[in-house]
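Encoded as structure tokens, the structure appears first; notes follow it.
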Amino acid sequence: MKQLNTKLIYFTTETEIEAENLARFLVGERLAACVNIIGPTTSIYQWKDELKKSREFIGIAKTSSGKVEKCIRRLIELHSYECPAAIVIDIEMGNNEFISWIHKNVS
């Protein structure tokens with residue numbers, strides 16, 4: 525198995541509808557091959573010097589290295605949060621056929 529410069533982008537949203545809208549945009553614009561939506565989940569974090577707890581949905585977008593910067597830019601532009609999470613995770617290894625499918629669908 526070889527690495528094909530493939531990335532995951534982790535992001536969170538307040539609602540499932542927003543996660544779906546972002547996913548549809550990213551896939552529709554061929555910035556991501558697929559977005560998994562997981563949730564609801566509980567997030568506990570500090571925000572503006574206050575301890576917060578909220579219900580969120582997790583999005584995991586699968587994309588290529590060449591699309592990752594534009595994908596993050598668009599997530600930030602379209603997101604409702606003041607400071608949205610948009611975190612890149614490297615894929616070190618995986619099913620070559622699936623990784624090729626990702627690249628085919630973002631090119």
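For what it's worth, our numbering labels the leading residue of the sequence shown as 525, then goes sequentially. We put the CB at the ideal spot given by N, CA and C, even for glycine.
- Boundaries of the beta strand (DSSP E) harbouring E574: E574 to S588, taken from the DSSP string.
- Take the alpha-carbon of P564 and the one of I596: they are about 22 Å apart.
- Put simply, the backbone Cα of E540 is about 10 Å away from that of A547.
- The segment 611-628 and the segment 562-578 do not touch, with fewer than three beta-carbon pairs separated by less than 8 Å.
- The alpha-carbon of S567 is positioned some 11 Å away from that of T537.
- The closest CA to that of E601, considering only F549, S589 and V630, is found on F549.
- Under the three-state reduction of DSSP output, L602 falls in the helix class.
- If you look at S567, you'll find it isn't in any alpha helix (DSSP H); it sits in the beta strand (DSSP E) that goes C558 to W571.
- In this structure, the CA atom of Y569 is about 20 Å from the CA atom of E542.
- Beta-bridge analysis with DSSP links T530 to S588.
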